[in-house]
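First comes the structure, then the notes that go with it.
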């Protein structure tokens, strides 16, 4: 493991902390509470939402018994999520801010994870962030797929696939940091993500998939 000072640790004036005791971000206990989340809570929140969207997809299918579009839409949603995950991680979470306010903001929503990568309660996205983002993406899918493409019956299953992709991403991210994975695809994903943290912080942005790192050339030579 390279002794590389990560940019995000430097933003907060913190060394890389490999303990799992959380670094406090806010003086307010109320605000601090919302910076911690466990994967069990994420599963409990989003599994019913995904199930509800799939139920709606079947109930509101344009032709009763014609359900082939549902698995296709779900697969499209998962694919769109993998691209969204890569894009957010590369261009939003690893945005290089100039002003102190923006540096603080970037540190709060992702830099803290690089400063303290083993903190168990900051490995999945807190609902205070994920719920507003989900509403924004549902609106975007409704406009683009439902209105512009005229495929309103595809919206719910696509969003279900998108949210399923997000849920899998969160669980994979948690597993890569805390589970002893020794074989298979998960071992490759763990190695890929650990190298992002400790060797190539400006490369290897995929977490649940490495496809877009290959497509956009964000793998080391």
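In my numbering, the protein residues as written are 6 to 226. The beta-carbon is built from N, C-alpha and C at its ideal position, and this holds for glycine as well.
Can you tell me the Cα-Cα spacing of residue i and residue j, whole angstroms?
| i | j | result |
| --- | --- | --- |
| residue 225 | residue 147 | 38 Å |
| residue 104 | residue 66 | 50 Å |
| residue 176 | residue 54 | 17 Å |
| residue 8 | residue 52 | Per-residue confidence for residue 8 stands at a pLDDT of 31, beneath the threshold of 50, marking its modelled position as unreliable; no derived number is given. |
| residue 202 | residue 75 | 37 Å |
| residue 186 | residue 215 | 17 Å |
| residue 194 | residue 61 | 33 Å |
| residue 17 | residue 30 | The predicted position of residue 17 is uncertain, since its pLDDT is 42 and thus under 50; no value can be drawn from it. |
| residue 209 | residue 97 | 15 Å |
| residue 109 | residue 71 | 51 Å |
| residue 101 | residue 219 | 22 Å |
| residue 140 | residue 167 | 12 Å |
| residue 171 | residue 37 | 24 Å |
Looking at the structure shown, is residue i part of a helix, part of a strand, or coil, going by DSSP?
| i | result |
| --- | --- |
| residue 72 | coil |
| residue 130 | coil |
| residue 59 | helix |
| residue 83 | helix |
| residue 188 | coil |
| residue 116 | helix |
| residue 26 | coil |
| residue 151 | helix |
| residue 226 | coil |
| residue 103 | coil |
| residue 157 | helix |
| residue 212 | coil |
| residue 204 | coil |
So residue i and residue j are supposed to be a Cβ contact under 8 Å. How far apart are they, rounded?
| i | j | result |
| --- | --- | --- |
| residue 120 | residue 42 | The Cβ separation is near 18 Å, so there is no contact. |
| residue 90 | residue 222 | Contact flag wrong, Cβ pair sits at about 17 Å. |
| residue 128 | residue 178 | 6 Å |
| residue 213 | residue 173 | 6 Å |
| residue 122 | residue 182 | 6 Å |
| residue 132 | residue 40 | So it is not a contact: roughly 11 Å between Cβ atoms. |
| residue 99 | residue 207 | 7 Å |
Count the other CB atoms, across all protein chains shown, that sit within 10 Å of the CB of residue i; report buried if there are 16 or more and exposed otherwise.
| i | result |
| --- | --- |
| residue 169 | buried |
| residue 137 | exposed |
| residue 78 | buried |
| residue 144 | exposed |
| residue 159 | buried |
| residue 184 | exposed |
| residue 35 | exposed |
| residue 154 | exposed |
Stretch-stretch touch, CB-based, cutoff 8 Å, three pairs: the segment 162 to 169 with the segment 77 to 93: Output reads yes: the segment 77 to 93 touches the segment 162 to 169.
Inter-stretch contact at 8 Å, needing at least 3 Cβ pairs: the segment 147 to 157 / the segment 114 to 126: With the cut-off at 8 Å, the segment 147 to 157 and the segment 114 to 126 do not touch.
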